[in-house]
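Protein sequences appear in the order of chains C and W. Here the first sequence stands for residues 60 to 686, numbered as in our numbering. Here the second sequence stands for residues 206 to 549, numbered as in our numbering. Note that beta-carbon positions come from the ideal geometry of N, C-alpha and C, so glycine has one too. All values reported here derive from a predicted model rather than from experimental measurement. Data block below; observations after.
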Amino acid sequence: MDTKHLDRVVIRFAGDSGDGMQLTGTEFAKAAAEAGNDISTFPDFPAEIRAPAGSLFGVSGFQLHFSASEIHTPGDAPDVLVAMNPAALKTNLKDLVDTGTLIVNTGAFLEANLKKAGYASNPLEDGSLGKYKVHAIDINQLTMSALDGSELSNKEKGRAKNFFALGLVFWMYGREPESEIRRIYQQFAKKPEFGEANVKVFKAGYHYGETAEVFQTVYKVPPAVFQPGMYRNITGNEAIALGLVVGAELAGKKLFYAGYPITPASSILHSLAKYKNCGTLTFQAEDEIAAIGAALGAAYGGSVAVTASSGPGVALKGEAIGLGVMTELPVVILNIQRGGPSTGLPTKTEQSDLLQSLYGRNGESPIPVLAAKSPGDTFYCAIEAVKVATRYMVPVMLLSDGYIANGSEPWLLPNLNTLPRFDVIHRTDPSGYFVYERDPRTLARAWVIPGTPGLEHRIGGIEKDALTGNISYAPDNHEKQTRVRAAKIERIAQDIGELDLSGGASGDVLIVGWGGTFGALRQAQQQLAAQGKQVSHAHLRWLSPLEPGLGKIIRNFKRVIVAELNMGQLRQILRATFLIDVIGLNKIQGQPFKVREVLDAVENQLDAKHTDHGEPAAVVSQPQASA
Amino acid sequence: MTEALKKLTKKDLESDQDVRWCPGCGDYAILATVQRTLAQLGIKRETTVFISGIGCSSRFPYYMNTYGFHTIHGRAPAIASGLKITRPELDVWVITGDGDGLSIGGNHMIHALRRNMDLKILLFNNQIYGLTKGQYSPTSAMGTRAPSTPTGSIDHPLNPISLALGSGATFVARAADTDAKLLGGILQEAYKHKGAVFIELLQNCPVFNDGVWEGVKEDPAGKQIALVEGKPLVFAGGAKGIAIGPGLVPQIVDVGDGPGKTPLSEILVHTERGSALYANLLAQLVQPDFPIPMGILYRHDKPTYGDLAAHQVEDAVTRAGRGDLNKLMYSGMVWEVGADGTRH
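Right, dumping it as structure tokens:
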């Protein structure tokens, strides 16, 4: 038996949505993290909870990239594909690299399943898989054999088959099985008979790898080198929940979180509901509007108030966010974006709610908008959103997306004692109080909360007098208030950190991105820069106000490419703001960028005949991403 | 003398804002009764909050010298819920109307009541949309002619009391706008109640629906049943009463002994703490077939949402200890990377 060292591996598990592929992937990711690899994951599953077995649309996949060096993405194409049935093979094979390894559960390759997947002939027999290293294994049968004599029903036994696949890949990549066995027992502590069965099947898979002669090599991916410190594996939604709890603590306030179930935001509510002993109050509202309404009520009462949703829910919250703008109350709205419009692609990722976030309310209703770039970054963005909301007395929209919400990465845990506090102080002095008198630096009005004697006042959604806060329909006052609400948002720029720029401050191509595309964009830029190309990448955290650092450099590049998972929403803004031509790299497939797609787009621009420095670059309005 | 020790008067609860309702609007009378009653109750201005939606009645908070929040159409119960959950020590009143609370905000209304949120909800029912100039509302009688229904409305009206009972309100009452004595008494009891209070106010809109409750108000003896704890449901000076026929059908009967009359002992006796079934029966007594019950229809003690939420927090602290954020952060699979950059 050989042992071969690899720098990095991309593996994808695919099967029916009831086959447990998400669990298999998550467990294998843990093992990789445990072994010291850098990891990045991409769960990709259908909206249906248990789609009909064997159907193409019911295929659920989990991709894991593990590496001996730093990585930013779950990988463009899998090196290894585990296909639990014909539908999984059909929908995922096109992504597998040529000469890639294919592990197929032959037990599911029955006439009926082949037909459901649209195969005229059995691909395992018709030679169509010739270019791959195929391991055809009857996982169904081997699972049943492993559980021979078990009390479980055949149906229950069958459900353990994902653990066979897990055991097999554990062996292939030289992972230690002991801690996984412990985890299985823990996970099924309440149903020990299932725990026992899953461990048996897991071991059977592991031993199959060891004894079956088909596998001649064990592949080892050595540990990556990380910055020293404490780490944990974290998804975007877990990190954002922690960020909210910590943000409220840094503000010296209690956290109130109101939500209504919606994919892919729901798990934030699930996390926070467990933190009751940290003083967090959660409220599952009757609808999206009630969730933002309750948050506004809590903000009025002096809590750090948060609501979360995805695009359709944020649309419903629009009017109430406007009320927050008018009454200048601090509330944080999380938008975990998914494909749209309407119900769209509930479980897939997209960045198409940027304009909704910036403008999706009636009237002149600007709010601060920031976007997280990775699972771990959502923690810091949540803290920053709480800080800006409470300091500037304004609703803040924090954008995440399905990709970073569900994706995970090893996360360097911060030392909470070193995070700067921003304690909120409520005004209690009644002398000379005017409801809309503003702080000269932030333009924020004082956050006076009910319960404060002598400061009783009324606020509401009708235009306010610029000083007293009383109802005012005066023309000049409305213009003044409209302008000051906008100016307040611009003032936030004074608190925004450095632009996240990789590469020089001038050059041939500047890639501009925001949000969850960070990994693919940064990796592409680093690869090109390593080849000596004059390519930089600026990744925006703040979209409103626009990061001041961008304006300083955007004109220093021959071409500017704005890469986003939408039809060019940031591109529109950059064109309007800077009056320069920028080129769009746009993909609207419910999938993240592949590094290759970004490389191709940048290389096209590098190869194109350069215009003179400073002149507008060519317009590329059509989507450039490969289908 | 500090503010807290000073005896409040009605005047202390009046804000410096000009009241902008139409002359003759029933809202004036309600505002005055609320101000007078709360002053009598000795409330604290700083811990009292009025929250409203949109509509004529929803301007109410601007005129109260307490904390006030004029929000958006229909959403006041949701906003009030968020405030009450996080600030249980505040007295939170919700001002709404038949359009605001039963149409655009119907969902928030039923859920605030269902949760037994400790809110005092005053629903001003004038059976019309006033601020938008006179369209028929969810409580308008069938056949209501309005700009949007020139040939008469064809949808059945909603019964606010039935809705409140069905949703789980734990204090349900009704009064007419100008009946200061009855409303004052109800408000005093409502103030003491812990849980979701729902008070339907029969309110006159002199501009778009003038006199819609006139039949009820001008003939209190004949068109109203004054609900008094432990007293029979009689009206018309005691000559008529409500008895129950087969199939739990309420019937108007002549009270008395002798042929064709029903003895007083067979007349339903009012109790605020009766079954929901009894309260629902009262709710079914509507014009024009019955006189309308006025007063406290139903009262029931059960834990509020706020109590239960606080209990869960205490429970979590007892079980898991006061939250330690470091522990929370360092939970799950945590590992250390040493100075050499590899895992230990």
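Determine the direct distance from the alpha carbon of R319/W to that of N330/W, and round the result to whole angstroms.
As a position in the second sequence, residue 330/W is number 125, starting the count at 1. As a position in the second sequence, residue 319/W is number 114, starting the count at 1. The alpha-carbon atoms of N330/W and R319/W are separated by roughly 21 Å.
How should I293/C be labelled, buried or exposed, when 16 other C-beta atoms within 10 angstroms of its C-beta is the threshold for buried?
Sequence index remark: in the first sequence, residue 293/C carries index 234 (1-based). Label assigned to I293/C: buried.
List, in chain order, every chain C residue whose beta-carbon is nearer than 8 Å to that of Q517/W.
For the purposes of this step, residue 517/W is identified with residue 312 of the second sequence, where counting begins at 1. Going along chain C in sequence order, the residues near Q517/W (Cβ under 8 Å) are K335.
Proximal residues, the segment 515-532 of chain C versus chain W, C-beta separation under 8 Å
E515, H516, R517, I518, G519, G520, I521, N529 and I530
Pick out whichever of M322/W, V224/W, A381/W and Q393/W has its Cα sitting closest to the Cα of E405/W.
Numbered from its first residue, the second sequence carries residue 405/W at position 200. Looking at the Cα atoms, A381/W is the closest of the given residues.
Cβ separation of P236/C and F247/C, assumed to be a contact under 8 Å, to the nearest whole Å:
Here residue 236/C is taken as the residue at index 177 of the first sequence, counted from 1. Here residue 247/C is taken as the residue at index 188 of the first sequence, counted from 1. No, P236/C and F247/C are not in contact; Cβ-Cβ is about 16 Å, not under 8 Å.
Please confirm if T511/C has its CB atom under 7 Å from at least one CB of chain W.
On the first sequence, position 452 is the one that residue 511/C refers to. Yes, T511/C lies at the interface with chain W (some Cβ there is under 7 Å from its Cβ).
Given K712/C as reference, the closest of C261/W, H549/W, M538/W and T467/W once Cα atoms are compared:
In this structure chain C extends from 60 to 686, so residue 712/C is not present and cannot be described.
Going along the chain, which residues of its own chain have a beta-carbon closer than 6 Å to the beta-carbon of V412/W, five neighbours each way excluded?
Residue numbering aside, residue 412/W sits at position 207 when the second sequence is read from its first letter. Hits under 6 Å: C227.
As a quick exercise: from N364/W, A401/W and A317/W, pick the residue whose alpha carbon is nearest that of D303/W.
Start at 1 with the first residue of the second sequence, and residue 303/W comes out as number 98. D303/W has its Cα closest to that of N364/W, out of N364/W, A401/W and A317/W.
Using three-state DSSP, classify V412/W as helix, strand or coil.
Here residue 412/W corresponds to residue number 207 of the second sequence, with the count starting at 1. Coil.
In DSSP terms, what E541/W is bridged to:
In the second sequence, residue 541/W corresponds to position 336, counting from 1. BP columns for E541/W point to M289/C.
Give the DSSP bridge partners of T442/W, in chain order.
As a working note, residue 442/W is residue 237 in the second sequence. It should be noted that the sequence gives Gly, not Thr, for residue 442/W. Beta-bridge pairing links G442/W to no other residue.
Spatial neighbours of S459/C in its chain, beta-carbon cut-off 6 Å, leaving aside the 5 residues before and after
Position 400 of the first sequence, counted from the first residue, corresponds to residue 459/C. Excluding positions up to five away in sequence, the list reads G295, I395, A431 and T437.
Own chain residues within Cβ distance below 6 Å of P102/C, not counting five before or after:
As a working note, residue 102/C is residue 43 in the first sequence. Hits under 6 Å: Q81, F121 and N465.
Measuring straight from C-alpha to C-alpha, what distance separates A378/W and R241/W?
Along the second sequence, read from residue 1 onward, the residue named residue 378/W stands at position 173. Along the second sequence, read from residue 1 onward, the residue named residue 241/W stands at position 36. C-alpha separation (whole angstroms): 19 Å.
How big is the Cα-Cα spacing for L324/W and S286/W?
For the purposes of this step, residue 324/W is taken as residue 119 along the second sequence, with counting starting at 1. For the purposes of this step, residue 286/W is taken as residue 81 along the second sequence, with counting starting at 1. Distance between the alpha carbons of L324/W and S286/W: 8 Å.
If I256/W sits next to Q408/W, beta carbons under 8 Å apart, how far is it from one beta carbon to the other, in whole angstroms?
To locate residue 256/W, count along the second sequence from 1; it is residue 51. To locate residue 408/W, count along the second sequence from 1; it is residue 203. With a Cβ gap of about 18 Å, I256/W and Q408/W do not count as contacting.
V193/C to I162/C span [Cα, whole Å]:
Here residue 193/C refers to the residue found at position 134 when the first sequence is read from its first residue. Here residue 162/C refers to the residue found at position 103 when the first sequence is read from its first residue. Roughly 6 Å separates the two Cα atoms.
Going by beta carbon distance, what residues of the same chain come within less than 8 Å of K190/C, once the five residues before and after it are set aside?
Taking the first residue of the first sequence as 1, we reach residue 190/C at position 131. So the qualifying residues of the chain are D157 and T158.
Is D666/C buried or exposed, if buried means 16 or more other CB atoms sit within 10 Å of its CB?
Along the first sequence, read from residue 1 onward, the residue named residue 666/C stands at position 607. Exposed.
8 Å contact criterion, which V373/C and Q410/C should meet: CB distance rounded
Along the first sequence, read from residue 1 onward, the residue named residue 373/C stands at position 314. Along the first sequence, read from residue 1 onward, the residue named residue 410/C stands at position 351. Their Cβ separation, rounded to whole angstroms, is 14 Å, which puts V373/C and Q410/C out of contact at 8 Å.
Kindly indicate which three-state DSSP category E219/W falls into: helix, strand or coil?
As a working note, residue 219/W is residue 14 in the second sequence. Looking at E219/W - three-state DSSP - the assignment turns out to be strand.
Going along the chain, which residues of its own chain have a beta-carbon closer than 8 Å to the beta-carbon of L213/W, five neighbours each way excluded?
Taking the second sequence and counting its residues from 1, one reaches residue 213/W at position 8. Contacts found: L243, A244, G247, I248 and R250.
Presumed contact (8 Å Cβ cut-off) between I430/W and P493/W, rounded CB distance
Counting from one through the second sequence, the residue named residue 430/W turns up at place 225. Counting from one through the second sequence, the residue named residue 493/W turns up at place 288. About 15 Å; that fails the 8 Å criterion.
Check each candidate in Y451/C, Q650/C, R480/C and D524/C and name the one with the smallest Cα separation from A505/C.
To locate residue 505/C, count along the first sequence from 1; it is residue 446. Closest by alpha carbon: Y451/C.
For chain C, is any of its Cβ atoms less than 7 Å away from the one on T291/W?
Looking up residue 291/W in the second sequence gives position 86. Yes, because at least one Cβ of chain C sits closer than 7 Å to the Cβ of T291/W.
Do L388/W and T238/W have their beta-carbon atoms positioned less than 7 Å apart in this structure?
Locating residue 238/W in the second sequence gives position 33, counting from the first residue. Locating residue 388/W in the second sequence gives position 183, counting from the first residue. Result yes, Cβ atoms of T238/W and L388/W sit closer than 7 Å.
Among S187/C, G575/C and I299/C, which one has its Cα closest to the Cα of N625/C?
Residue mapping note: residue 625/C aligns to position 566 of the first sequence, counting from 1. The option with the nearest alpha carbon to N625/C is G575/C.
In the DSSP output, what is D384/W paired with across the bridge?
Here residue 384/W corresponds to residue number 179 of the second sequence, with the count starting at 1. Answer by DSSP bridge pairing: none, since D384/W is not bridged.
Unbroken beta strand (DSSP E) run spanning V118/C, endpoints:
As a first step, residue 118/C is located in the first sequence; it is residue number 59 there, counting from the start. Taken as a continuous stretch (DSSP letters only), the beta strand (DSSP E) holding V118/C covers V118 to S126.
Residue burial classification, H598/C (beta-carbon count within 10 angstroms, cutoff 16)
On the first sequence, position 539 is the one that residue 598/C refers to. Buried, because 16 or more other Cβ atoms sit within 10 Å of the Cβ of H598/C.
Option in V299/W, N321/W, G335/W and K289/W with minimal Cα separation from N414/W
The residue given as residue 414/W occupies position 209 in the second sequence. N414/W has its Cα closest to that of G335/W, out of V299/W, N321/W, G335/W and K289/W.
Looking only at its chain, what residues have a beta carbon closer than 7 Å to the beta carbon of D462/W, apart from the 5 residues adjacent to it on each side?
Working through the second sequence from its first residue, we reach residue 462/W at position 257. Same-chain partners within the cutoff: P468.
Below-7 Å beta-carbon distance, P282/C vs any chain W residue:
Working through the first sequence from its first residue, we reach residue 282/C at position 223. Closer than 7 Å: yes.
Say whether chain W places a C-beta atom closer than 7 Å to the C-beta of Y244/C.
As a first step, residue 244/C must be located in the first sequence, where it is residue number 185. Judged by the 7 Å Cβ criterion, Y244/C is not in contact with chain W.
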